[in-house]
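Here is the structure we will look at, set down as structure tokens.
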Amino acid sequence: MRKKTALIHGGTGVDKATGAVTPPIYQTSTYKQEKIGQLKDGYEYSRTANPTRTSIERLIADLEGGVRGFAFGSGMAAIHAVFNLLQSGDHIVMTDDVYGGTFRLMQRVLPKFNIEVTFVDTTDLAATEAAIQDNTKMLYVETPTNPLLKVTDIEAIAAITRRHDLKLVVDNTFATPYLQQPIALGADIVLHSATKYIGGHSDVVAGLVVVNDDTLGEELHFIQNSTGGILGPQDSFLLVRGLRTLGIRMEAIEETAHELVSFLQAQDVVSNIFYPGLASHPGHAIQQKQATGFGGMISFDVGSAANAEKLVEASHFFTLAESLGAVESLISVPARMTHASIPAERRAELGITDGLVRISVGLEDAEDLKEDLTHAFSLLEKVSEKTV
Ligand SMILES: *Cc1c(COP(=O)(O)O)cnc(C)c1O
Numbered sequence: 003m004r005k006k007t008a009l010i011h012g013g014t015g016v017d018k019a020t021g022a023v024t025p026p027i028y029q030t031s032t033y034k035q036e037k038i039g040q041l042k043d044g045y046e047y048s049r050t051a052n053p054t055r056t057s058i059e060r061l062i063a064d065l066e067g068g069v070r071g072f073a074f075g076s077g078m079a080a081i082h083a084v085f086n087l088l089q090s091g092d093h094i095v096m097t098d099d100v101y102g103g104t105f106r107l108m109q110r111v112l113p114k115f116n117i118e119v120t121f122v123d124t125t126d127l128a129a130t131e132a133a134i135q136d137n138t139k140m141l142y143v144e145t146p147t148n149p150l151l152k153v154t155d156i157e158a159i160a161a162i163t164r165r166h167d168l169k170l171v172v173d174n175t176f177a178t179p180y181l182q183q184p185i186a187l188g189a190d191i192v193l194h195s196a197t198k199y200i201g202g203h204s205d206v207v208a209g210l211v212v213v214n215d216d217t218l219g220e221e222l223h224f225i226q227n228s229t230g231g232i233l234g235p236q237d238s239f240l241l242v243r244g245l246r247t248l249g250i251r252m253e254a255i256e257e258t259a260h261e262l263v264s265f266l267q268a269q270d271v272v273s274n275i276f277y278p279g280l281a282s283h284p285g286h287a288i289q290q291k292q293a294t295g296f297g298g299m300i301s302f303d304v305g306s307a308a309n310a311e312k313l314v315e316a317s318h319f320f321t322l323a324e325s326l327g328a329v330e331s332l333i334s335v336p337a338r339m340t341h342a343s344i345p346a347e348r349r350a351e352l353g354i355t356d357g358l359v360r361i362s363v364g365l366e367d368a369e370d371l372k373e374d375l376t377h378a379f380s381l382l383e384k385v386s387e388k389t390v
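Take a look at the structure:
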């Protein structure tokens, strides 16, 4: 089965009980036992398993090429469940510009359980290997990253984790399983904020995890059932529904993204564009090697906080909002929104300037998006020299 077909025919397929072509929403907490302990298809209680959740869990496992999938109530719940595989005293090596919520979890929650982290630029393989300690158990990579779209070489990192007997975890939210399948590149665990491209319609908050072997599958199911951060049946249904169109959505989004990048290159006020599809982007060759596309996230610098503010407030079809990966184009200023909780000094180190604007390309007509930006750009002042 090729990818677009797997999105529709992968997973559990039509409902066995009724032939329903979409998964029924099994809005039930418990299941009748004919005799004590005699379960129908293994269903006992919906925290442990629910057929609608099973349909998304099987589907994401197929799409990522793993053995078992798990659905959680948010991306953060999924990420936290993966860290529950660790023990007190363990250490994680992690991409330095991870999602803000992941950074906060590492800084404010996991230290309470004596789990340590070292942040490192995982695009730098030597620095990444040097950050490994005796108690390191996991290497956690996000690629491409937010908002600068830094690209880590998953295969090269997987070789490092094999040498040191670590688990490799990849946050695949930005690339989606349609464009990138980290397990085939050597990852042990792949996870998603399914709130983004997988749901795809800004109508559900959810997280997904896929593992590459049965032992990890058993452990993670034990954690999911024991800690209870499961996804409900309605939201599980929405993810299956969202995934059906992931292929055509990603293709359309990417086509518009390329048009918008060309448009941005022609704007005097734009001094820097971050998009892995640009040949000048440092991660371009790696992204081309390890994925089948460059995605729909673009960041660019308009030179000042004032310009960034004017741009996002003047654009009409780009909705000013956090989040990404939906049918509607979204626009944000990372320094004041998603990354506001990161100290200014640290933002400067990471290259997240005050004039940086991030867009998540949606499915609107590209001409409308360009006209919208043309108007917004006409209100800005040129403040910086063009470098890209
Ligand atoms: C949004 C996001 C998360 C967190 O997911 P939630 O569904 O918001 O809990 C994790 N990683 C990345 C890359 C994200 O964009």
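Position one of the sequence shown corresponds to residue 3 (my numbering), numbered consecutively onward. Built from N, CA and C at the ideal position, the CB exists for glycine as well. Quick caveat: nothing in here was measured; it's all calculated off a predicted structure.
A distance criterion of 6 angstroms places the beta-carbon of Asp173 in contact range of ligand 1, judged by its closest non-hydrogen atom. Assignment of Asp64 by DSSP, reduced to helix, strand and coil, places it in the helix class. Taken from the Cβ of Val207, at least one heavy atom of ligand 1 lies inside 6 angstroms.
In terms of CA proximity to Val212, Glu66 leads the group Glu66, Asn86, Thr56, Ile27.
In this structure, Gly353 and Ala307 do not form a Cβ contact; the two beta carbons are roughly 15 angstroms apart against a cut-off of 8 angstroms. Of Ala133, Thr376, Glu324, Gly209, the smallest CA-CA separation from Ala268 is found for Thr376.
As DSSP reads the structure, His194 sits in a beta bridge with Leu210. In this chain, the beta strand (DSSP E) harbouring Glu144 covers 138 to 144.
At least one heavy atom of ligand 1 lies less than 6 angstroms from the C-beta of Met78.
DSSP places Leu332 outside any alpha helix (DSSP H); the residue lies instead in the beta strand (DSSP E), whose first and last residues are 332 to 334. Restricted to the stretch 254 to 301, the alpha helix (DSSP H) segments that are unbroken, complete and at least 4 residues in length are 286 to 292, listed in chain order. Checking the 6 angstroms criterion, the Cβ of Gly103 is within range of a heavy atom belonging to ligand 1. When DSSP states are grouped into helix, strand and coil, Ala337 belongs to the coil group. Judged by DSSP in its simplified three-state form, Met252 adopts helix. Annotated three-state conformation of Tyr45 is strand, per DSSP. Its Cα nearest to that of Ala328, the residue Met252 stands out among Glu131, Met252, Gln29, Glu261. If you draw a straight line from the Cα of Tyr199 to the Cα of Gly71, it is about 17 angstroms long. Not a single heavy atom of ligand 1 lies less than 6 angstroms from the C-beta of Ser264.
Cβ-Cβ distances below 8 angstroms link Asn309 to Val271, Gly357, Leu382, Glu383, Val385 in the same chain, with the five nearest sequence neighbours on each side left out; the list follows chain order.
Taking each of Leu151, Thr97, Met3, Ala19 in turn and checking the Cα distance to Ser362, the smallest one comes out for Leu151.
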